[in-house]
Amino acid sequence: MTDPFDDSFEDRLENIIADVIEVVRHRDSDDSSNESTPEEPRENVEVFDTNLPTTHKYLGKLNNVSGYTIFDEGEIISLLAIHTNTLVFPGFTLPLVMNSQIEQSIMQNFLTKQNVFVLVCADEVGARLYKYGVTMEVFESFSQHGTLYLKAKGRQRCKIVPGKEIQHLGGRLQQITVKILAEPEITSPIATTQLTALKLHRSYLFKDYDSLIRNYKHRKYHLAQFTNPGWVYDRRELCFYVKFIVQRLINFYLKENIPTDPVSLSYWFIQNFQLAHEERLQLMKLDSVIERLRLELKFLEMERLLCCAVCKAEITNQKYVFAMSKDGVQSNYCNPSGHVYETVTVLKADNFNLTGAPSKEFSWFPGYWWTIMQCRLCRGHIGWKFSSNHLHPSAFYGLAKSGLDIKIVDKNQTGNMI
């Protein structure tokens, strides 16, 4: 039998004492107002690396899965599907933890054949599967102690083929038949109206709106040949929507984190902006990027509040969202039980109480302790407070979208450019 007072035991004891001190310190530092405001970095404090949450290191070290699968547009294929309470769009990551033996067995058998499955969610009323989904490709996986850990990346939009059987396999898994949806190329409305010989001297087609405006004198002369006013054609340029959507988004997000590619921007917006579930489903089904951007610009004009899903108490305002991840302000994270939470990070929250002791176990933001947040009025779970004594920011809130409703202050608050 080993000596209970050997060096390793003393080291473990010191670590336990340090953790207890840290917990007490965090309890003492929780203010009674339950509010947090932006702060300047303190001395000897490290700024949090926003690359860390995108790696989902709380899942442990996973094994890489090779491959990059893109199906042909219009292809009809039978795939494994998983039903969650969240949405992931092309280019974004879904972490998964599977504790169910049935789900593990089915998924591991599936991974021996191919790495692509479909992510589906409930429709507007939550009664059945929504007919649109996204193909997800597994790029990392690992199984240990009866648990399967996965990371998958969104690839392509798809649609459940009507009339085809949906086979329930067990747990959250189904076998469904889907059609891969096209992402049609959008060209300028005047792309074919200029003679090729003239294009060699001066083109009226531009990839960014600033270039279009700088050369608008010549574009105006070209548009004079048409019966409609020039602004009609300007509003059908992709660069117009990219310009004004980014211009508004920088009020809430860091400009360097916002993509300027139209397709990427349209999906980034759905993944990050505070939209109601019905609004996101509405955007998912639109066939082209210009349709999505047009509707997104309309949604941007509406002031939004984040409220408790049960009692409708106001928790925070859209203006307090900020990015703790390179992916943006809203990302999907998974707890040890396998529940996927779509989480939005904010600097200020109201009408909540903290419950339980702070913990670092399975922390989605390495270096931060998390404490459960409950609505002060109805005690519904609304998210977590994250706090640290050595990182900046020292505290922020990760709100679970499943516990929130989006309240639009004024639906008629839209501009004239849409």
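In terms of the UniProt record's numbering, the sequence shown opens at residue 1 and continues consecutively.
Glycine residues also receive a C-beta, built at the ideal position from the N, C-alpha and C atoms.
Computed from a predicted structure; not experimentally measured.
Residues in its own chain within less than 7 angstroms of Ile406 by CB, not counting five upstream and five downstream?
As a first step, residue 406 is located in the sequence shown; it is residue number 406 there, counting from the start. If we look at Ile406 and ignore the five residues flanking it on each side, its Cβ neighbours are Gln274, Leu275, Ala276, Arg304, Leu306.
Return the chain-ordered list of same chain residues with a C-beta closer than 6 angstroms to the C-beta of Gly367, the five sequence neighbours on each side being excluded.
Locating residue 367 in the sequence shown gives position 367, counting from the first residue. Within the same chain, Gly367 has close Cβ partners Ser388, Leu391.
Given 8 angstroms as the limit, is there contact between the region 126 to 144 and the region 83 to 92, that is, 3 or more CB pairs closer than that?
yes
Grab the span of the beta strand (DSSP E) containing Val118 for me, first residue to last.
Within the sequence shown, residue 118 is the residue found at index 118, counting from 1. First-last of the beta strand (DSSP E) with Val118: 116 to 120.
If you compare alpha carbons, which of Gly383, Val346, Glu361, Asp234 is closest to Pro393?
The sequence position of residue 393 within the sequence shown is 393, counting from 1. For the residues Gly383, Val346, Glu361, Asp234, the minimum Cα distance to Pro393 belongs to Val346.
Pick out whichever of Glu361, Gln374, Asn335, Gly338 has its Cα sitting closest to the Cα of Ala349.
Here residue 349 refers to the residue found at position 349 of the sequence shown. When only C-alpha atoms are compared, the closest one is Gln374.
Sorted by chain position, which residues of the same chain lie with C-beta nearer than 6 angstroms to Tyr341's C-beta, five sequence neighbours on each side aside?
Translated into positions along the sequence shown, residue 341 becomes position 341. Correct list, in chain order: Tyr333, Ala400.
Could you compute how far the alpha carbon of residue 460 sits from the alpha carbon of Thr227?
A question about residue 460 goes unanswered here, because the residues of the chain that appear run from 1 up to 418.
List the residues that DSSP assigns as beta-bridge partners of Asp405.
The residue labelled residue 405 in the question sits at position 405 within the sequence shown. Paired residue(s): Cys307.
By a C-beta neighbour count over all protein chains shown, 10 Å radius and 16 as the cutoff for buried, is Asp287 buried or exposed?
On the sequence shown, position 287 is the one that residue 287 refers to. Exposed: under 16 other Cβ atoms inside 10 Å.
Starting from Tyr132, follow the beta strand (DSSP E) in both directions and report where the run begins and ends.
What you label residue 132 is simply residue 132 of the sequence shown in a count that begins at 1. Its beta strand (DSSP E) spans residues 132 to 144.
In this structure, how does DSSP classify Gln274 when only helix, strand and coil are distinguished?
The residue you call residue 274 lines up with position 274 of the sequence shown. Here Gln274 sits in coil by DSSP.
Enumerate in chain order the residues of its own chain whose CB-to-CB distance from Val23 is below 6 angstroms, with the five nearest sequence positions on each side excluded.
Taking the sequence shown and counting its residues from 1, the one referred to as residue 23 is at position 23. With a pLDDT of 42 at Val23, under the threshold of 50, the modelled position of that residue is not reliable, and the figure given next carries that caveat. Excluding residues within five positions, the ones whose Cβ falls inside 6 angstroms are Ala357, Pro358.
Return helix, strand or coil for Cys239, following the three-state DSSP convention.
Residue numbering aside, residue 239 sits at position 239 when the sequence shown is read from its first letter. Residue state, collapsed to three classes: helix.
CA-to-CA distance, Val161 to Lys360, given in whole angstroms:
Stepping through the sequence shown from its first residue, residue 360 is reached at position 360. Stepping through the sequence shown from its first residue, residue 161 is reached at position 161. One C-alpha to the other measures close to 44 angstroms.
For Ser78 and Ile176, I'd like the C-alpha separation in whole angstroms.
Start at 1 with the first residue of the sequence shown, and residue 78 comes out as number 78. Start at 1 with the first residue of the sequence shown, and residue 176 comes out as number 176. Cα to Cα, the separation comes out at about 6 angstroms.
For Asp3, three-class secondary structure by DSSP
The residue labelled residue 3 in the question sits at position 3 within the sequence shown. Since pLDDT at Asp3 reaches only 43, below the 50 mark, its modelled position is unreliable, and no value is offered.
Is the beta carbon of Val289 sitting closer than 8 angstroms to the one on Pro259?
As a first step, residue 289 is located in the sequence shown; it is residue number 289 there, counting from the start. As a first step, residue 259 is located in the sequence shown; it is residue number 259 there, counting from the start. It is not a contact, given that the beta carbons lie outside the stated cut-off.
Can you tell me the Cα-Cα spacing of Phe71 and Gln114, whole angstroms?
Your numbering for residue 71 matches position 71 in the sequence shown. Your numbering for residue 114 matches position 114 in the sequence shown. Approximately 13 angstroms between the Cα atoms of the pair.
What does the alpha-carbon distance come out to for the pair Glu253 and Ser331?
Your numbering for residue 253 matches position 253 in the sequence shown. Your numbering for residue 331 matches position 331 in the sequence shown. Reading off the sequence, residue 253 comes out as Tyr, not Glu. Tyr253 and Ser331: Cα-Cα distance of roughly 14 angstroms.
Given 8 angstroms, three or more beta-carbon pairs between the region 238 to 258 and the region 310 to 323
yes
Leu169 versus Asn99 - alpha carbon distance:
Translated into positions along the sequence shown, residue 169 becomes position 169. Translated into positions along the sequence shown, residue 99 becomes position 99. Their Cα atoms are separated by approximately 16 angstroms.
Minimum Cβ-Cβ distance from Phe139 to chain C less than 8 angstroms
As a matter of chain content, chain C is missing from the structure shown, which is built from one protein chain.
Identify which residue in Val409, Arg128, Val310, Leu80 has its Cα closest to the Cα of Asn109.
Mapped onto the sequence shown, residue 109 falls at position 109. Nearest C-alpha to Asn109: Leu80.
Backbone secondary structure at Val321 - three-state DSSP
Here residue 321 refers to the residue found at position 321 of the sequence shown. Residue state, collapsed to three classes: strand.
Within 8 angstroms, strictly: CB atoms of Ser363 and Tyr149
Start at 1 with the first residue of the sequence shown, and residue 363 comes out as number 363. Start at 1 with the first residue of the sequence shown, and residue 149 comes out as number 149. Not closer than 8 angstroms, so no.
May I ask you to report which of helix, strand or coil DSSP gives Met373?
On the sequence shown, position 373 is the one that residue 373 refers to. Note: Met373 maps to strand in three-state DSSP.
Between the Cα of Arg292 and the Cα atoms of Gln271, Ala309, Cys308, Lys131, which residue gives the shortest distance?
Against the sequence shown, residue 292 aligns to sequence position 292. With distances taken between Cα atoms, Arg292 lies closest to Gln271.
I'd like the span of the alpha helix (DSSP H) that includes Pro53, first residue to last.
Sequence index remark: in the sequence shown, residue 53 carries index 53 (1-based). Note, Pro53: alpha helix (DSSP H), 52 to 55.
Helix, strand or coil at Ala155 according to DSSP, with G and I counted as helix
The sequence position of residue 155 within the sequence shown is 155, counting from 1. The identity of residue 155 in the sequence shown is Arg, whereas the question assumes Ala. In the structure shown, Arg155 sits in a strand (DSSP, three-state: E or B).
For Phe365, name the three-state secondary structure that DSSP assigns.
If you number the sequence shown from 1, residue 365 lands on position 365. Phe365 falls in the coil class under three-state DSSP.
Considering only the beta carbon of each residue, do Leu62 and Phe117 sit closer than 8 angstroms?
On the sequence shown, residue 62 is found 62 positions in, with the first residue counted as 1. On the sequence shown, residue 117 is found 117 positions in, with the first residue counted as 1. Not a contact, by the Cβ cut-off of 8 angstroms.
Of all the options Leu249, Lys285, Cys378, Cys311, which has the alpha carbon lying nearest to the alpha carbon of Phe299?
As a position in the sequence shown, residue 299 is number 299, starting the count at 1. Cα-wise, what sits closest to Phe299 is Leu249.
What did DSSP end up calling Gly398 once you bin it into helix, strand or coil?
Within the sequence shown, the letter at position 398 stands for residue 398. The answer is strand: DSSP assigns Gly398 an E or B state.
From what residue to what residue does the alpha helix (DSSP H) around Gln174 run?
Taking the sequence shown and counting its residues from 1, one reaches residue 174 at position 174. Looking at the DSSP string, Gln174 is not in any alpha helix (DSSP H); the run it does join, the beta strand (DSSP E), is 173 to 180.
Looking at His83 and Leu129, is the spacing between their C-beta atoms short of 8 angstroms?
What you label residue 129 is simply residue 129 of the sequence shown in a count that begins at 1. What you label residue 83 is simply residue 83 of the sequence shown in a count that begins at 1. Contact flag set, yes.
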